[in-house]
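Asks:
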Amino acid sequence: RQGLKLPINARNANAIGIQPKVNRLLFLNNQYTGKNTEGTMATTYDALVIGSGTAGQTAAYELNRNGLQVGLVEHSPHPGGTCALSGCQAKKWFYEGTETVARARHLTGIGITSPAFGSWSQLRDAKNRFTSQVPSNTVNGLKRAGIDFIMGRARFVDRRRIKIDGRRISADFIVLATG
Numbered sequence: 632r633q634g635l636k637l638p639i640n641a642r643n644a645n646a647i648g649i650q651p652k653v654n655r656l657l658f659l660n661n662q663y664t665g666k667n668t669e670g671t672m673a674t675t676y677d678a679l680v681i682g683s684g685t686a687g688q689t690a691a692y693e694l695n696r697n698g699l700q701v702g703l704v705e706h707s708p709h710p711g712g713t714c715a716l717s718g719c720q721a722k723k724w725f726y727e728g729t730e731t732v733a734r735a736r737h738l739t740g741i742g743i744t745s746p747a748f749g750s751w752s753q754l755r756d757a758k759n760r761f762t763s764q765v766p767s768n769t770v771n772g773l774k775r776a777g778i779d780f781i782m783g784r785a786r787f788v789d790r791r792r793i794k795i796d797g798r799r800i801s802a803d804f805i806v807l808a809t810g
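Sequential numbering of the sequence shown, starting at 632, is according to this note's numbering.
1. Mind listing, in chain order, the continuous alpha helix (DSSP H) runs of no fewer than 4 residues lying wholly within the segment 657-743?
2. Please confirm if the segment 786-804 is in contact with the segment 715-730, defined as three or more CB-CB distances below 8 Å between the two stretches.
3. Kindly confirm or deny that the segment 700-708 and the segment 725-732 touch, where touching means at least three C-beta pairs closer than 8 Å.
4. Determine the DSSP secondary structure at Ser801, reduced to helix, strand or coil.
5. Can you check whether the CB of Ser683 is closer than 8 Å to the CB of Gly702?
6. What is the residue span of the beta strand (DSSP E) that Arg786 lies within?
7. Can you tell me the Cα-Cα spacing of Ile741 and Ala757, whole angstroms?
8. Return the Cβ separation of Thr685 and Ile800 in integer angstroms, given the expectation that the two are a contact with Cβ distance under 8 Å.
9. My guess is that Ala612 and Asp677 are in contact by the Cβ rule of under 8 Å, so how many angstroms apart are they, rounded?
10. Who pairs with Leu807 in a beta bridge, going by DSSP?
11. Using a 10 Å radius around the Cβ and a threshold of 16 neighbouring Cβ atoms, would you call Thr687 buried or exposed?
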């Protein structure tokens, strides 16, 4: 790489005559199935991120943006992390609904003419519509960026190698972003 002016990554590899290794993912009804059907992922990365939550995605995108070949490993069948799926983001649907109703009721008679009422089932359904998209949006976003998404549980073999379901992968840098 020292003689190249451009860093090699999936976005510019074709421009300099290198075929990038791209993860082939299988989707059924727009839902990620967790299967790599073509076996084309790399076995060596510049950086490997373990965890697909907010921190893991941020690290993977930044490393990728800086020209590194990046893989991201997640063992959950629902990629995206706790925050987006059942924590921070999901909670905001209920919190915002509750706050809106409480504020409107507080102002009833002093500018608000009738008290507000909320529908917990409608809030829950809206939250579920949002969170149901998180796994496929996570994997699709990584794929579009040229980051390999690797489904499986990572176990360290040594400081630069991990084992995922019997497969060994090495990386110069390994980022732990498991929450």
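Using N, Cα and C, we set each Cβ at its ideal position, and we do this for glycine too.
Replies: In short, the structure shows the following:
1. For the segment 657-743, whole alpha helix (DSSP H) runs of length 4 or above, ordered along the chain, are 685-696, 712-716, 719-737.
2. Touching, no.
3. No contact exists between the segment 700-708 and the segment 725-732.
4. If DSSP states are grouped into helix, strand and coil, Ser801 belongs with the strands.
5. Not a contact, by the Cβ cut-off of 8 Å.
6. If you look at Arg786, you'll find it in the beta strand (DSSP E) that goes 785-789.
7. Each residue's Cα considered, the two are about 30 Å apart.
8. Contact between Thr685 and Ile800 does not hold, since the beta-carbon distance rounds to 23 Å and is not under 8 Å.
9. Since the first residue of the chain shown is 632 and the last is 810, residue 612 is not available in this structure.
10. For Leu807, which the question treats as bridged, DSSP gives the partners Ile681.
11. Before going further, note that residue 687 is Gly rather than Thr in the sequence given. The residue is buried, with at least 16 neighbouring Cβ atoms inside 10 Å.
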